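The sequence shown maps to residues 7 to 196 in our numbering.
All residues carry an ideal CB built from backbone N, CA and C; glycine is no exception.
Here the structure is a predicted model, which means the values were calculated and not measured.
Presented below is the structure to which this report refers.
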Amino acid sequence: MNYKALNQQVGNLDLYLLDQILKGRFEGFSKILDAGCGEGRNLPYFVNNGYEVYGIDLNPQAILMAMMSYRSVPKDNWAAGNLSELPWPDQYFDAVICSAVLHFAESHEHFHTMMKELARVIARGGLLFIRAATQVGLSAEDPESKFTYLMEPEQLFNIDKLYPFNFLELPKSVVVNDQRSMGVLVLERK
């Protein structure tokens, strides 16, 4: 497969999400929610492979762009809204992707509310993929962040005790230019 064909399949997908796809983490799942989907950059693989895709984003314009990009996805599968009040019933999804969203939480309480909502809509045995800014590997004097919320190391490494999840992989965090640290969590709903 050449790079153009690969790009048709995966587009501008988050590399850490691609890693999970290649490990088969989404096999056997059908309903996928992209929580904070933006214009849908993480959805090409799932749409192209017959998954039942849903998306929610705070920005209604981004939802309109996603709807235009993925015309095969029913319009009812898209929602403009926040992650504090997801409009789907309990345990509705097999997997939830939440990439580059949670670090915009306004406070620890807001983060906690969003995490509880994500847990609520994932079926037992389902997957939660999170990519978010953390404090891991940064000094106390780190440069000002464009993010409003950074996951603390203790929170990152104990998330399985704070919410109803088990780690499928140990958390990873990559420090970028000593300015920001991006963490990846791959969790299974208890």
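- Linking Thr-154 to Phe-117 through their CA atoms gives a straight-line distance of about 10 Å.
- Between the segment 72-87 and the segment 44-62, the count of C-beta pairs closer than 8 Å reaches three or more; the two stretches touch.
- Apart from sequence neighbours up to five positions away, the residues of its chain that approach Val-142 with a beta-carbon distance below 7 Å are Pro-159, Leu-162, Ser-179, Ser-187 and Gly-189, ordered along the chain.
- Separation of Asn-18 and Leu-24 (C-alpha to C-alpha, rounded to the nearest whole angstrom) is 10 Å.
- DSSP, reduced to helix, strand and coil, places Lys-178 within a strand of the structure shown.
- Comparing C-alpha distances from Leu-176 to each of Lys-152, Asp-184, Asn-183 and Phe-135 shows the shortest one belongs to Phe-135.
- Residue pairing from DSSP leaves Val-127 without any beta-bridge partner.
- Contact between the segment 28-44 and the segment 8-17 is absent: fewer than three C-beta pairs spanning the two stretches fall below 8 Å.
- In the structure shown, Asn-172 adopts extended strand secondary structure according to DSSP, grouped into three states.
- Between Asp-82 and Asn-164, the alpha-carbon positions lie close to 36 Å from each other.
- Taking the Cα of Ala-139 as reference, the smallest distance to any Cα among Tyr-22, Pro-95, Met-157 and Leu-12 is reached at Met-157.
- Under the three-state reduction of DSSP, Phe-99 is assigned to strand.
- Put simply, of Phe-110, Asp-184 and Ile-128 the residue whose alpha carbon is nearest the alpha carbon of Tyr-169 is Ile-128.
- For Met-7, the three-state secondary structure derived from DSSP is coil.
- With 16 or more other CB atoms across the displayed protein chains lying within 10 angstroms of its CB, Pro-50 is buried.
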